[in-house]
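In this note's numbering, the protein residues as written are 1 to 226.
Beta carbons are placed, not taken as given, at the ideal position from N, Cα and C, and that holds for glycine.
Please read the structure below before turning to the comments.
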């Protein structure tokens, strides 16, 4: 817990500790539990959001089937949620490590270091989920997918599903995470700040494009509306 707080507020000091002793399991357990609880609490709103995105041709019987299916799947989703987080964060860490190596780091970078840095930086994402959860609990009409202080909220939602998802991902918490990762890469690899920022943006862009592509395929497959 202490290293998580240091990552959020003193990222340079946290990165130095991660470089010498790359721990990640404790932080992962804490973040995954909090994320799972947040997901469970906003799940009824996610169900409603799914119903709102069904095509106009969907009748009440179709909606009832969707509700029953989503409710039946909830226990399995909650059980798999930490696994999904681990897969996503590990994949990001692997990409981060190889991109760092491609830039010839002064100090050798190990996967455990990249994983520890990524897991601890995800504290910003968990804070984003918590903020969205609070917004939903205070306002039932709030969209659980909307991160606070995102471009989507500032300039308005876009009609295109992919563009709208991208605007949602560009928020203050994403910026916070990019800063943490940039500082971490600089400390772990011995890079300058500009090179570290370029590396982080490359990996973040690749990850975002993959996620948006998966969302687009899901939208086309289920014929969902924005």
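Inset, instruction - Less than 8 Å between the CB atoms is what I'm expecting for residue 109 and residue 198, so what's the real figure, rounded? - result: Actually they are not in contact, since the Cβ atoms of residue 109 and residue 198 sit about 15 Å apart, beyond 8 Å.
Legend entry - Nearest-angstrom Cα separation, counted from residue 45 out to residue 177: When the Cα atoms are used, residue 177 and residue 45 turn out to be separated by approximately 26 Å.
Inset, instruction - Count the other CB atoms, across all protein chains shown, that sit within 10 Å of the CB of residue 168; report buried if there are 16 or more and exposed otherwise. - result: So residue 168 ends up on the buried side.
Inset, instruction - Say whether the stretch 194–214 touches the stretch 90–99, bearing in mind that this needs 3 or more beta-carbon pairs closer than 8 Å, one atom from each stretch. - result: Touching, yes, given that three or more Cβ pairs across the two stretches are closer than 8 Å.
Inset, instruction - Assign residue 213 to buried or exposed, taking buried as 16 or more other Cβ atoms, counted over all protein chains shown, within 10 Å of its Cβ. - result: Here residue 213 is exposed: its Cβ has fewer than 16 other Cβ atoms, across all protein chains shown, within 10 Å.
Inset, instruction - Starting from residue 150, follow its DSSP beta bridges and name the residues at the other end. - result: The partner list for residue 150 (beta bridge, DSSP) reads 171.
Legend entry - Per-residue DSSP class, three states only, for residue 107: Residue state for residue 107 is assigned as coil, using DSSP reduced to three classes.
Legend entry - Integer Cβ distance of residue 150 from residue 81, believed to fall under 8 Å: So it is not a contact: roughly 22 Å between Cβ atoms.
Legend entry - Endpoints, the alpha helix (DSSP H) within which residue 122 is located: That residue, residue 122, is in no alpha helix (DSSP H); it is neither H nor E in DSSP.
Legend entry - Range covered by the alpha helix (DSSP H) that runs through residue 30: First-last of the alpha helix (DSSP H) with residue 30: 25–52.
Inset, instruction - Taking residue 7 as part of the alpha helix (DSSP H), name the residues at either end of that continuous run. - result: Run containing residue 7: 2–9, per the alpha helix (DSSP H) assignment.
Legend entry - residue 20 in three-state terms, based on DSSP: Three-state result, residue 20: helix.
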